[in-house]
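Line by line, the protein sequences are chains R and H.
First residue of the first sequence? That's 1 in our numbering, and the numbers climb one at a time after it.
First residue of the second sequence? That's 306 in our numbering, and the numbers climb one at a time after it.
To keep things clear, I will list the structure first and then write my remarks on it.
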Amino acid sequence: MRNAFAACLEELAAQDPRIVLLSGDIGNRLFDRFKERFPGRFYNCGVAEANMTGVAAGLAKAGLRPLTYTITPFNTTRCLEFIKLDICAHRLPVVVVGVGAGLSYAELGPTHHACDDLGLLGLLPDLTLLCPADARETRAALRAALAHAGPCYLRLGKKGEPDVFDAEPPFEIGALRPLRAGREVVLLTYGPLLPEVLAAGAALDATVVAVPTVKPLDTAGLAALAATGRLVTVEEHALRGGLGAAVAAWLAASGQPARLLTLGVPDQFLVTAGGQEAQRAACGIDTAGIVAQVRTWRQQLGDVT
Amino acid sequence: MKERPPITGNRLRVLANAAREVRGQIVAMSHRGRAAHLGSALSCVEILLAAYGGPFRLDPRVVQLPHRDALIFSKGHAIAALYAVLAWRGYFPLDWLETYAQPGTALPEHPVPGCVPGLDHATGSLGHGLPVACGLALAARISGRDTRVLAVLSDGECNEGAVWEAAAFAPAQQLGNLLVVVDANGWQATGRSPEVLALEPLAAKWAAFGWATREVDGHDLAALVTAYRQARDATQPLAVIARTVKGRGVSFMEDDNNWHYRLPTAAEVAAARAELGLA
């Protein structure tokens, strides 16, 4: 995803001289071509993310289209107040890019886990949250973010995510993306976890719908899905503050009779060693975990015996 | 916009009179609005007047950024001073000041985005102004504009780590169009600044970070304007340490940190205005 991000940004920067990339001293070699082609539009801001965020606000205030780029926790929760006050309160068109969504850097430990970013950033008014699933959707989401008039958060994995889309899909901010039709439950998910959920969908004969815009939520689309009566959210993010919590709040207020199962990262620090695959399994959000939990839930509901 | 001519004796008298009037407004605003931070507002009056009446291209006829100089008022708790100076300069009618901190009006105790014409950034949480000023200064260079950016900080604000992140960034990017003024009134909310965190000597700190520095009497309009004029055509950002007195201009408030939070009574407003030579 990050390679697609860098390549697409280079293409867009050739068309739009307002694009300026700020990095928090990461992306070694990743932006070499960008730097070479646009030497006055790349700035390594050092390991100083709060300042980088404020600098981006100043650039946007002067009419430029800056992006801030570094590892997710450092670009989000570390400098949350700068995103809130300098970018969001002023409604400035800055794209905050977090690389290493969810458990992408699982092996690096809780300092690098990013399972709270959507919950915290989701509290900020006017901030759009975009969560693409693979390289091609990353390109589409980046275009949408840079065409958007307000602030955006772009949640990327790292590299080597399996392809979901065989071509760059259209991207409409705030729209659900149906991917698989099934006869049983509806699985809702986003980001690089999507292939696991699609596999679970096949095993369960479930409908799978991606939610690449976690905020604003496509409530009209959700209302249509809720009519099926069985919704499941699956995410590489804490249950509290993620998509599951947002759908739960919407569902309770909507009065729809649908039942909801939320799967995600439990409310605890993940302190044992292990890569993304192992941690997903431990959290029950790999394909096997999703299938097993959905089956148990349906038995509890009396849907199946 | 053309640059203003050098400050002359007559212009200096105009600004000195404005300083008295602005101080009178600030004291009355604090009383009417029951809004604190009076001492912090009184210490930065000349710093602001020297900017809005001095060498910067700050003019009420051009309020939209970025085609003019910018002033980021980072010590947002002292916004009464900026409101009063902007009104004096004609950005909005003077009678708006009477609405300061009144429920439902446009002038809150800390500024919000777009609350008054001429406000370049909403602040109130300390340590945010300098990074944003760095961004504006960098944008001017990227876009080939000859604009300058001034950030007004307080000495207490220099406690914030983000100030020093930005202080290291600006010289690395050779932001010669950036100027910081530290309103060094020697106090922060609950104590003498050097006793709370060991940030003195301030000028040496900024110099060590790679800034050109000047230390001036922050109530000396001519000295401030001269220092501001120095911030031109250099590749090095400039930090002006403006030594000021908290509560300046009202004898019973000067260097008394109770006026960080205390509100003046009607009698104290009258006494202050009399001392300032205002009717």
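Don't be surprised by glycine CBs; every beta carbon is placed ideally from N, CA and C.
Every value quoted in this text rests on a predicted model; they were computed, and no experiment measured them.
Task: Residues near R/L194 in its chain [Cβ-Cβ closer than 7 angstroms; skip 5 each side] - done: A133, V164, A210
Open item on the list: Measuring CB atoms only, is the stretch 133 to 146 of chain R touching the stretch 222 to 233 of chain R, in the sense that at least three cross pairs come out at less than 8 angstroms?
Closed with: The stretch 133 to 146 of chain R and the stretch 222 to 233 of chain R do not touch, with fewer than 3 CB-CB distances between them shorter than 8 angstroms.
Open item on the list: Taking only three categories from DSSP, how would you classify R/I26?
Closed with: coil
Open item on the list: Is the separation between the beta-carbon of R/P93 and that of R/R65 shorter than 9 angstroms?
Closed with: Yes, Cβ-Cβ distance for R/P93 and R/R65 is below 9 angstroms.
- [ ] Check the DSSP bridge columns for R/L260 and list the partner residues they point to.
- [x] R/L231
- [ ] Mark H/M306 as exposed unless 16 or more other C-beta atoms lie within 10 angstroms of its C-beta, in which case mark it buried.
- [x] Unreliable positioning characterises H/M306 in this predicted model, as indicated by a pLDDT of 43, which lies under 50. The coordinate reading is nonetheless provided below. Exposed: under 16 other Cβ atoms inside 10 Å.
Open item on the list: Taking 9 angstroms as the threshold (C-beta atoms), are H/C349 and H/K380 in contact?
Closed with: yes
Task: Under 9 angstroms between C-beta atoms of R/P73 and R/G100 - done: In contact: R/P73 and R/G100 (Cβ atoms closer than 9 angstroms).
TODO: Verify whether the separation of the beta carbon atoms of H/I447 and R/R41 is less than 9 angstroms.
DONE: yes
Task: Residue interval of the beta strand (DSSP E) (run including R/V97) - done: 95 to 99
Task: Which of helix, strand or coil DSSP assigns to H/L528 - done: A small fix is needed here, since residue 528 of chain H is Ala in this sequence, not Leu. Here H/A528 sits in helix by DSSP.
TODO: Report yes if the CB atom of H/P301 is closer than 9 angstroms to the CB atom of H/A471, and no otherwise.
DONE: With chain H covering 306 to 584 only, the question about residue 301 of chain H has no answer from this structure.
Open item on the list: So, with DSSP's three-state summary, where would you put H/R585?
Closed with: Any answer about residue 585 of chain H is impossible in this case: the structure gives chain H only from 306 up to 584.
Open item on the list: Closest to H/R548 by C-alpha separation, out of H/V574, H/S498, H/H565, H/V555, would be which residue?
Closed with: H/S498
TODO: Please decide whether H/V485 counts as near chain R, where near means a Cβ-Cβ distance under 9 angstroms.
DONE: No, H/V485 does not count as interfacial toward chain R.
TODO: Report the rounded CA-to-CA distance for H/S459 versus H/R325, giving the unit in angstroms.
DONE: Between H/S459 and H/R325, the C-alpha separation is close to 21 angstroms.
Open item on the list: Would R/K35 pass as an interface residue toward chain H - the criterion being a Cβ-Cβ separation below 9 angstroms?
Closed with: no
Open item on the list: Less than 9 angstroms between CB atoms is the rule here; does R/F82 satisfy it with respect to chain H?
Closed with: yes
- [ ] Determine the direct distance from the alpha carbon of R/E277 to that of H/D488, and round the result to whole angstroms.
- [x] 54 angstroms
- [ ] Within its chain, find whatever has a CB closer than 8 angstroms to the CB of H/E308; leave out the 5 residues flanking it on each side and keep chain order.
- [x] Bear in mind that the predicted position of H/E308 carries a pLDDT of just 48, short of 50, making it unreliable; the figure below should be weighed with that in mind. Answer for H/E308: P360, R362, listed in chain order.
Task: Inter-residue Cα distance where the pair is H/R594 and H/A508 - done: Absent from the structure is residue 594 of chain H, since the part of chain H shown begins at 306 and ends at 584.
TODO: Alpha carbon to alpha carbon, how far is H/R394 from H/R316? Give it in angstroms, no decimals.
DONE: 14 angstroms
- [ ] Answer yes or no: does any C-beta atom of chain H fall closer than 9 angstroms to that of R/N51?
- [x] yes
Task: Collapsed DSSP secondary structure at R/C88 in the structure displayed - done: R/C88: helix per DSSP, three-state reduction.
Task: Whole-angstrom distance between R/L204 and R/V291, CA atom to CA atom - done: 7 angstroms
Open item on the list: Measuring straight from C-alpha to C-alpha, what distance separates R/L261 and R/A200?
Closed with: 14 angstroms
TODO: Report yes if the CB atom of R/G46 is closer than 9 angstroms to the CB atom of H/A467, and no otherwise.
DONE: no
Open item on the list: For a test of your reading of the model: does the CB of H/P499 fall under 8 angstroms from any non-hydrogen atom of the ligand PLP? Yes or no.
Closed with: The ligand content of the structure shown is nil, which means the ligand PLP is not present either.
Task: Expected contact under 8 angstroms - CB spacing of R/C115 and R/E196 to nearest Å - done: About 16 angstroms; that fails the 8 angstroms criterion.
TODO: Under 8 angstroms between beta-carbons, which chain R residues line up against H/I447? List them in chain order, please.
DONE: V20, G40, R41, L59, L64
TODO: Taking only beta-carbon positions, decide if H/C420 is within less than 9 angstroms of chain R.
DONE: no
Task: Below-9 angstroms beta-carbon distance, H/R309 vs any chain R residue - done: The predicted model places H/R309 with a pLDDT of 49, which falls under 50 and marks its position as unreliable; any figure quoted below should be read in that light. No - not a single Cβ of chain R is within 9 angstroms of the one on H/R309.
- [ ] Return helix, strand or coil for H/E470, following the three-state DSSP convention.
- [x] In the structure shown, H/E470 sits in a helix (DSSP, three-state: H, G or I).
- [ ] Enumerate in chain order the residues of its own chain whose CB-to-CB distance from R/L198 is below 8 angstroms, with the five nearest sequence positions on each side excluded.
- [x] Cβ contact annotation for R/L198 (same chain, cutoff 8 angstroms, sequence separation greater than five): V164, L179, R180, V208, in chain order.
Task: Burial state of H/Q330 (16 or more Cβ within 10 Å) - done: Flag for H/Q330 reads buried.
Task: Residue environment, H/T570, which counts as buried when at least 16 other CB atoms sit within 10 Å - done: exposed
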